[in-house]
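Data first, discussion second: the structure below is written as structure tokens.
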Amino acid sequence: MSSAETERPLGRIWRALAGRTVLPFAVGFAVVMVFVFWEVLPVWQVITSPDDAPFHARNAFAGEVERWLADRDVFMWQRLFRAPAPLAWHEFSYMACLFWLGLSGVFYLRTQRAHRVAAWGGGLFLALSGYMCTLFSAGHLGFFYLMASVFWSLGLIARALERRDLRLFALLGCAVMWGQAGQPDVWVLAMAVVAAYVLWRLLALWRGGLPARRLLLEVCPRFALTAVVAAALGVGGIRQVFQQHLAGRDRQIAEASGQRQAGGALTAQSAADRWHFSTGWSLPPE
Numbered sequence: 232m233s234s235a236e237t238e239r240p241l242g243r244i245w246r247a248l249a250g251r252t253v254l255p256f257a258v259g260f261a262v263v264m265v266f267v268f269w270e271v272l273p274v275w276q277v278i279t280s281p282d283d284a285p286f287h288a289r290n291a292f293a294g295e296v297e298r299w300l301a302d303r304d305v306f307m308w309q310r311l312f313r314a315p316a317p318l319a320w321h322e323f324s325y326m327a328c329l330f331w332l333g334l335s336g337v338f339y340l341r342t343q344r345a346h347r348v349a350a351w352g353g354g355l356f357l358a359l360s361g362y363m364c365t366l367f368s369a370g371h372l373g374f375f376y377l378m379a380s381v382f383w384s385l386g387l388i389a390r391a392l393e394r395r396d397l398r399l400f401a402l403l404g405c406a407v408m409w410g411q412a413g414q415p416d417v418w419v420l421a422m423a424v425v426a427a428y429v430l431w432r433l434l435a436l437w438r439g440g441l442p443a444r445r446l447l448l449e450v451c452p453r454f455a456l457t458a459v460v461a462a463a464l465g466v467g468g469i470r471q472v473f474q475q476h477l478a479g480r481d482r483q484i485a486e487a488s489g490q491r492q493a494g495g496a497l498t499a500q501s502a503a504d505r506w507h508f509s510t511g512w513s514l515p516p517e
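In this note's numbering, the protein residues as written are 232 to 517.
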């Protein structure tokens with residue numbers, strides 16, 4: 232677009248139609264959010280999310296802080312925002328995460344050379360897809376953090392390998408740890424997908440003509456910065472995953488199966504119980 236066009240009275244509208252501003256995306260997103268959450272927008276109305284029940288006693292936040300300090304719960308800095316108005320934040324947190332997820336989709340599509348309009352539309356469809364736009368009814372807030380983390384990571388991988396900027400590799404370390412605290416068990420699987428994408432992009436660089444020596448000596452070592460940043464941000468959460476979440480999952484499996492194994496031994500029966508517990512949500516009954 233020429234400078235003469237941008238100086239027109241309708242220049243902003245032309246830029247919006249060309250996908251050069253966030254305005255169309257934000258307006259479309261806001262309209263859908265008002266429609267979806269209309270009945271619970273009043274401050275004393277709230278959706279009932281079983282896995283993130285919005286019932287808060289006066290000392291609820293103080294009790295949560297106490298569990299953090301006693302190392303009995305995974306610290307999620309996102310929960311700090313709900314301290315002043317927990318009921319209002321309950322819905323807004325899902326809206327904010329969906330908006331952040333949509334922007335991550337836009338960023339990834341732009342790294343793939345998609346047109347601006349296509350990128351904004353793709354991001355909007357990602358944020359408002361059927362699964363994501365209804366999962367809040369179950370209360371899986373950590374999953375919303377995780378999905379945005381995955382797509383920002385994919386976009387940063389593509390951009391970092393293209394520009395070789397160390398700042399992008401450092402931001403990648405921040406992105407991969409964004410959703411770790413909220414959904415630590417699924418985060419491990421998501422990071423396996425991210426790692427596979429890294430390998431695929433490295434293979435594409437090699438097949439595109441980049442010598443293997445340069446790939447190993449100039450590109451791959453930059454991911455060490457990503458690992459350092461990620462470890463600095465998430466070492467406490469990773470430790471809590473193994474100390475608390477896995478132990479809690481074992482207890483949940485034992486309670487669901489109605490039996491406990493003495494000494495924690497993994498017998499054939501307990502292995503079968505683990506299998507049924509893990510697949511009962513998604514596979515047909517055996």
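A virtual CB, placed ideally from N, CA and C, is assigned to each residue, including glycine.
For S384, the enclosing alpha helix (DSSP H) begins and ends at 372-394.
Across the set C405, Q411, L332, the C-alpha of Q411 shows the shortest separation from the C-alpha of I469. Per the Cβ contact rule, the segment 349-369 is not in contact with the segment 393-409 (fewer than 3 Cβ pairs under 8 Å). If you draw a straight line from the Cα of A406 to the Cα of P273, it is about 33 Å long. For S384, the closest C-alpha among the options F330, D282, A327, A427 is that of A427. Exposure of Q276 is indicated by the presence of fewer than 16 other C-beta atoms within 10 angstroms of its C-beta. Rounded to the nearest whole angstrom, the CA to CA distance from M408 to V419 is 11 Å.
Counting every other CB atom within 10 Å of its CB across the protein chains shown gives R310 a total of 16 or more, marking it as buried. Apart from the 5 residues on each side of it in sequence, F375 sits with its Cβ closer than 6 Å to the Cβ of C328 in its chain, given in chain order. Following the DSSP letters along the chain, one finds S324 inside the alpha helix (DSSP H) bounded by residues 317-342. Taking a contact as a CB-CB distance under 8 Å, the pair F266 and G333 does not count as one, their CB atoms being some 16 Å apart. When DSSP states are grouped into helix, strand and coil, F260 belongs to the helix group. In chain order, F367, S368, A369, G370 place their CB closer than 7 Å to the CB of S280, counting only its own chain and leaving out the 5 sequence neighbours on each side. The alpha-carbon separation between V262 and G373 amounts to approximately 24 Å. Annotation: the continuous alpha helix (DSSP H) that includes M408 extends over 397-409. Looking only at L441, F330, A291, S335, the smallest Cα-Cα distance to P315 is reached by A291. Under the three-state reduction of DSSP, A301 is assigned to coil, being neither helix nor strand.
In this structure, DSSP gives Y428 a helical state, which the three-state scheme calls helix.
With a cut-off of 8 Å on Cβ pairs, the segment 293-300 is not in contact with the segment 330-344, counting fewer than three such pairs. M422 and W431 have their C-alpha atoms roughly 14 Å apart.
Under the three-state reduction of DSSP output, H507 falls in the helix class.
Using a Cβ distance threshold of 8 Å, W320 and A379 do not count as a contacting pair. With a 10 Å radius around the Cβ and a threshold of 16 neighbouring Cβ atoms, E322 comes out buried. Residue state for I469 is assigned as helix, using DSSP reduced to three classes. Less than 8 Å separates the beta-carbon of G413 from that of L377. By the CB criterion at 8 Å, G386 and A358 fall outside the cutoff.
When DSSP states are grouped into helix, strand and coil, P273 belongs to the coil group. In this structure, DSSP gives C451 a helical state, which the three-state scheme calls helix.
The residues L399, F400, L403, in chain order, have a CB closer than 7 Å to that of A391 in the same chain once the five nearest residues on each side in sequence are set aside.
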